[in-house]
Structure formats: C-alpha cells, structure tokens
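Asker: Position in the sequence shown counted from 1, then plus 2, gives you this note's numbering.
Cβ coordinates follow ideal geometry from the N, Cα and C atoms, glycine included.
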Amino acid sequence: MSQILRSSSPADTRALGQKLGAVLKPGDLVCLQGDLGAGKTTFTQGVAAGWGSIDEVSSPTFVLVNIYRREKDRNHLHHLDTYRIESAAEADELDLDSMLTQGPALVEWPERITESLPADRLWVTLAHENETHRYITLQAFGRRAEELLKALA
Ligand SMILES: Nc1ncnc2c1ncn2[C@@H]1O[C@H](COP(=O)(O)OP(=O)(O)O)[C@@H](O)[C@H]1O
Ligand SMILES: [Mg+2]
3 MSQILRSSSP
13 ADTRALGQKL
23 GAVLKPGDLV
33 CLQGDLGAGK
43 TTFTQGVAAG
53 WGSIDEVSSP
63 TFVLVNIYRR
73 EKDRNHLHHL
83 DTYRIESAAE
93 ADELDLDSML
103 TQGPALVEWP
113 ERITESLPAD
123 RLWVTLAHEN
133 ETHRYITLQA
143 FGRRAEELLK
153 ALA
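(1) In chain order, what residues of the same chain have a beta carbon less than 7 Å from the beta carbon of R136, not counting five sequence neighbours either side?
(2) If you measure from each residue's Cβ to the nearest non-hydrogen atom of ligand 2, which ones come out under 7 Å, in chain order?
(3) Just to confirm the assignment, what range does the alpha helix (DSSP H) spanning W53 have?
(4) What are the partner residues of I87, as DSSP defines its beta bridges?
(5) Would you kindly report the start and end of the unbroken alpha helix (DSSP H) that includes T103?
(6) Compute the Euclidean distance between the alpha carbons of E58 and M3, then round it to the nearest angstrom.
(7) Please determine if the region 141-155 and the region 59-66 are in contact, where contact requires at least 3 C-beta pairs separated by less than 8 Å.
(8) For the alpha helix (DSSP H) containing T116, list its first residue and its last residue.
(9) Can you check DSSP and say which residues form a bridge with H80?
Structure follows, in structure tokens:
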C-alpha cells in the first residue's frame, strides 16, 4: 500500500507531517528517506507539532537522538538521525525497541540501519522536484503502517 503526494512548500510538508503526528501512537515507526535538504527534518517539525510536542525540533545529526515531550502524557517522541552510524552493532545499541515502548519514533537515514528496524513501518521518501516542490511517497509495511496511511488519506 502506498501513496504519492506533491508538496509545494515547507508549510505543505509540515502540514502533512502534522496530520500524521496527530494519529501516532507508542510503537509506531516512521522512516524518513531522502537526500540532504529533501525535507526530513521539516516533515518531522510537523509530526512533532501534531503529536503535541512542547520541545522544539532540531536536526539530531550530531546527537543521533532527540527526545521530545508533550503535556498530555509521559510519552516520548524519539527523533533519530542515523547518518553517522557505521555498523549493525552500533545500530542495535540504539535500542529502538525500548524507545518505541515510550512513544512513536522517527528515523532519518533509515536505510543505514534497515536490519535493526522493526518490520512494521511507515516508509516516507522525500525527493526534490525543484527548489520549492517535493515528491513525498508514503509506503506502508505492516498492518499498523497501513492504518496510519489510511488515516492520512
Ligand atoms: N516543499 C518543501 N518541503 C520541505 N522543505 C522544503 C520544501 N521546499 C523548500 N524546502 C526547504 O528545503 C530544506 C529542507 O531541509 P530539511 O528539512 O532540514 O531537510 P533534511 O532533513 O532532509 O536534510 C529547508 O530549507 C526547507 O525550507
Ligand atoms: Mg535532517
């Protein structure tokens, strides 16, 4: 199950993320694939807003993981950037499974840690069309990811 959308601005990309963020639950994994500048972090800003984050989204490139909180409950939204991960062992050390017990997780550069990812995942690919436009492909792997995709339609 998949869907291709076209975003014509950062606000557009954020709005899509926001819609997704509003329906995310603990255990949900969102993978964000795309070149540098494609909009992964911009999309994440929307997701965090929709989820209700009280913390500002920043690029976790140097820290690997950012953790966002919300007022509603004690859940945590984890935002990972695995660009610097170099081995499967390092990827496993992240312990994504325990992060997912605390809330949803977003992973930038997921293709670097595919073996460590849970099977059920919503795979979002962002691609440059031009300066202001992006193609956003949403692919659902697994039953929960399909539910998420339906909620977005
Ligand atoms: N339609 C669009 N969607 C998302 N970002 C866009 C779009 N058009 C232009 N941009 C710009 O592209 C850049 C995307 O950066 P960022 O979200 O940090 O990308 P990534 O995390 O994939 O490296 C931002 O400067 C943003 O303003
Ligand atoms: Mg980024």
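Answerer: Per the coordinate set shown:
(1) Indexing the sequence shown from 1 puts residue 136 at position 134. Contacts found: S9, T15, A40, G41, L128, A129 and H130.
(2) K42, T43, S61, T63, D83 and E110
(3) In the sequence shown, residue 53 corresponds to position 51, counting from 1. Segment K42 to W53, the alpha helix (DSSP H) holding W53.
(4) Numbered from 1 along the sequence shown, position 85 holds the residue referred to as residue 87. Paired residue(s): none; I87 is not in a bridge.
(5) What you label residue 103 is simply residue 101 of the sequence shown in a count that begins at 1. First-last of the alpha helix (DSSP H) with T103: L98 to Q104.
(6) Taking the first residue of the sequence shown as 1, we reach residue 58 at position 56. Taking the first residue of the sequence shown as 1, we reach residue 3 at position 1. Roughly 32 Å between the two C-alpha positions.
(7) no
(8) Residue numbering aside, residue 116 sits at position 114 when the sequence shown is read from its first letter. Where T116 is concerned, there is no enclosing alpha helix (DSSP H), given that its DSSP letter is neither H nor E.
(9) As a first step, residue 80 is located in the sequence shown; it is residue number 78 there, counting from the start. Its beta-bridge partners are I69 and A107.
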